[in-house]
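Numbering (my numbering), first residue to last: 400 to 678.
Glycine included, every Cβ here is placed at the ideal spot set by N, Cα and C.
Below: one structure, written as C-alpha cells.
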C-alpha cells in the first residue's frame, strides 16, 4: 500500500472517519511523533505499532477496541496517551514501562482494577479514570508524586487509600459520583490542592485535616449525607466556592465567617434553621 511508504511522516491525523482497520504496515512510520485515530471503527491495534518508536502523542479514543496490544508498553517515548470511550476492560500489566507518560486518559471504559505497575509512571501529571468500574485504588497510587490532576469520578469506590495524601503536587482531585463513606484524614497532605470535588457520595462528615488545604479554592460536597461541617473549614483561607447542596446539615460552623474570599456559598436543600451571625 503506497500510503505506508510515507516513511518520513511525523504527524498523522485521521480522527472522525470510518476507518475499520489499522494494518500492520503502520510499523513503517518509524518517525511518527503524533497519531490521532480517534472516533473511527478500528477494532484492534496491530502488535507492530511497537515499531513506531518515535511516537510521543497517541489518541485512539472512541474506537471499538477492548484491549491495547501486549507490545504497546514498548513505545517508551509516549508522553500523552488517550484511550477514552473504547470499552477497555484491562490495561496491559506492564503499562508502567511507558515511563515518559505525562498524560494518561482512560475515561469512559470498563476498567475494574489498575495494574500495580502503574506506580512506575513517575512522570505522570494527568490521570483520567473517570466513568469506569473501579472498586478500589491500589495504595501505590501514592507513588505518582508528580500528579497534578486526578479524575476518578463515576466509579464504584467506597474508600480512598490514605497514600493519596502523598500527592503533594496535586491541584485537582475529582472523586464525585462514587460510594465514598469517608475521606482519609491524610487528605491534609494535599497542600497544593485547589479543587476538591466530592459530589454525589455518602459522606457524613469531612475530615478535620481539610483545614490544612490552604490553597483550596473550590470545594463541592453536594448530594452527600453531611450531618455537620467541621470547624476547620474556616482555615481553608483560599476558598472561593463552597457547594453544600442536598445534605443533612442543621447548622453551619461559625468559622465559615473567616472565609474572606468566598464568593459562592450554596447550601440549599439542607435542614438549616438559622445561619451563624459570623456569615
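{"Query": "Pick from 568, 405, 607 that is closest to residue 430, judged by C-alpha positions", "Result": "405"}
{"Query": "Buried/exposed call for residue 509, threshold 16 Cβ in 10 Å", "Result": "exposed"}
{"Query": "Uninterrupted beta strand (DSSP E) stretches inside the region 452–479 (no shorter than 3 residues)", "Result": "456–458"}
{"Query": "Expected contact under 8 Å - CB spacing of residue 476 and residue 496 to nearest Å", "Result": "Incorrect: roughly 12 Å between the Cβ atoms, too far for contact."}
{"Query": "Length of the line joining the Cα atoms of residue 409 and residue 403", "Result": "13 Å"}
{"Query": "C-alpha gap between residue 530 and residue 576, whole angstroms", "Result": "9 Å"}
{"Query": "Residue 502, enclosing beta strand (DSSP E) - first and last residue", "Result": "502–504"}
{"Query": "Exposed unless 16 or more other CB atoms sit within 10 angstroms - verdict on residue 578", "Result": "exposed"}
{"Query": "Of the listed residues 528, 651, 629, nearest to residue 739 (C-alpha basis)", "Result": "Within the shown structure, residues of the chain are numbered from 400 to 678, placing residue 739 beyond reach of any answer."}
{"Query": "DSSP three-state assignment for residue 517, whether helix, strand or coil", "Result": "helix"}
{"Query": "Residue 617 vs residue 596 beta-carbon contact at 9 Å", "Result": "yes"}
{"Query": "Cut-off 7 Å between Cβ atoms - residues of its own chain near residue 450, not counting five sequence neighbours on either side", "Result": "426, 429"}
{"Query": "Status (buried if at least 16 other CB within 10 Å, exposed otherwise) for residue 541", "Result": "buried"}
{"Query": "Residue burial classification, residue 412 (beta-carbon count within 10 angstroms, cutoff 16)", "Result": "exposed"}
{"Query": "8 Å contact criterion, which residue 465 and residue 486 should meet: CB distance rounded", "Result": "5 Å"}
{"Query": "Supposed contact pair residue 648 and residue 671 - C-beta distance, whole angstroms, cut 8 Å", "Result": "6 Å"}
{"Query": "Best match in 448, 549, 440 for proximity to residue 434 [C-alpha to C-alpha]", "Result": "448"}
{"Query": "Classification of residue 620 by the beta-carbon crowding that lies within 10 angstroms, buried from 16 upward", "Result": "buried"}
{"Query": "Proximity below 9 Å, CB of residue 483 to CB of residue 527", "Result": "yes"}
{"Query": "Nearest-angstrom Cα separation, counted from residue 574 out to residue 422", "Result": "39 Å"}
{"Query": "Reduced DSSP category for residue 437 - H, G, I as helix; E, B as strand; rest coil", "Result": "coil"}
{"Query": "Member of 657, 627, 456, 615 whose CA lies at the smallest distance from the CA of residue 640", "Result": "615"}
{"Query": "Identity of the residues DSSP links to residue 547 by a beta bridge", "Result": "Residue 547 is not bridged to any residue."}
{"Query": "Reduced DSSP secondary structure (H/G/I, E/B, other) of residue 443", "Result": "coil"}
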